[in-house]
Amino acid sequence: MKKISFLIISVLTLALFSCQEDIMDEVNEGNWNKERNITEIKFENQIGLPTIKRDGESATVSFKYNLDATGSKKIKVTSLVPSWGASASIKAGEILDFDNANSQAKITVTSADGNTLEWTVTMVPFQEPIKGIWKLSAMMAYGGCDGGAYGGDAWASIGTMVGEFLDNKPSCEMDNTYTFEQVGFTEAGNSYGNIINNAGPDGKYGEFKWKNGTDNAERIYRLIPRTGGKWEHDAVTDQYLIKDSEGKLIISATFNRSVPFTFKPNNKKGYTFNDNTLIFNVKTLGLFIGKWDWIYNSYDAIIANPWCYCISLKK
């Protein structure tokens, strides 16, 4: 009886180990692995992180590319990691050609079990729009304590005003040039650089001292520093962060480059701009925010309760 029991146990043990060997053979051979993903990819002169999407048999990669770096749409892949056990038709160090109407290229990923999936890779070319040397074409302020509710809002061309300001009037700024130098990109894909404010032929910078000799609106309108500063373009929000020379944030701005355009702060009175324009929200910077003493007066719109400040630029 003992011999029979031992024989049965031996047979069962042998069968169990045989099954385990078969399972491990299958794992080692990789035939179970059907994954055909791209888990990581990076390109030379890529800006920020790529967007990798997979929905069934639809597989896409898109990435932002610094076209200013080379001017070429033949781009080197610096790293590519497919699913474990899979292989890709392109390897790190090889070139993908995006020089076509759609700026697209294809990568085929083959799983360990031999199935394939074609990935569509889209290059999104990027050229920093604010980079370069700009001349001022307009300095416009919009404001009013009622925000236009009772018609007390107004646009004011402070770049051409003569009698409202003292000393070096804002008009002194109109012959200046603003240079936005691009230095590089942050890891998040934000372009950044330096600002140079050149005083122009008259050698003067605009000042914002009101004619009453008391009120100075420098904090509202001196947003591009005399001594220069720094800028950063947020790749997600499209906002421009204007900073002083030490990197301290002064204000953020929108850079509208779809021209001409009509801008209506608070959906009230509009003004049409013909050149690219930096738009600053200065609602919190007025000298007498919320006071209605000067309604229907230029002092109200420019000094007491300004809403926005716009600087138009052209090359």
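Residue 804 in this note's numbering sits at position 101 of the sequence shown, and the numbers go up by one each step. Don't be surprised by glycine CBs; every beta carbon is placed ideally from N, CA and C.
Three or more beta-carbon pairs separated by less than 8 angstroms link the segment 1002-1010 to the segment 914-929, which places the two stretches in contact. The DSSP-derived three-state label of Thr975 is strand. Taking a C-beta distance under 8 angstroms as the contact criterion, Leu783 and Ala795 qualify as a contact pair. The three-state secondary structure of Asp771, taken from DSSP, is helix.
A distance below 6 angstroms between beta-carbons, with the five flanking residues on each side excluded, links Lys971 to the following residues of its chain, in chain order: Gly851, Asp856. Residue state for Glu921 is assigned as helix, using DSSP reduced to three classes. For Tyr943, the enclosing beta strand (DSSP E) stretches over residues 942-946. Boundaries of the beta strand (DSSP E) harbouring Ala859: 857-860, taken from the DSSP string.
Under DSSP, Ala956 forms a beta bridge with Tyr943, Phe983. Taking 8 angstroms as the cut-off, the Cβ atoms of Thr811 and Ser840 do not count as close. Taking the CA atoms as reference points, Ile744 sits about 40 angstroms from Pro928. Secondary structure note for Lys809: its beta strand (DSSP E) is the uninterrupted segment 807-813. Within a 10 Å sphere around the beta-carbon of Tyr768 sit 16 or more other beta-carbons, which makes this residue buried. A residue is called buried once 16 or more other Cβ atoms fall within 10 Å of its Cβ, and Asn893 is buried on that count. At least 8 angstroms separates the beta-carbon of Lys872 from that of Asn897. Within a 10 Å sphere around the beta-carbon of Ser961 sit fewer than 16 other beta-carbons, which makes this residue exposed.
Taking a contact as a CB-CB distance under 8 angstroms, the pair Thr882 and Ile836 counts as one, their CB atoms being some 5 angstroms apart. Between Ser790 and Glu738, the CB-CB gap reaches or exceeds 8 angstroms. Spanning the alpha carbons of Glu867 and Lys914 requires a straight line of approximately 5 angstroms. In the three-state reduction of the DSSP assignment, Met864 falls in the coil class.
Taking Arg757 as the centre and dropping the five residues before and after it, the same chain places the C-beta of Asn740 closer than 7 angstroms to its C-beta, in chain order. Rounded to whole angstroms, the separation of the alpha carbons of Gln807 and Gly854 is 52 angstroms.
In the DSSP assignment, Asp758 falls within the unbroken beta strand (DSSP E) covering 749-758. Ser1001 carries a helical assignment under DSSP once its states are collapsed to helix, strand and coil.
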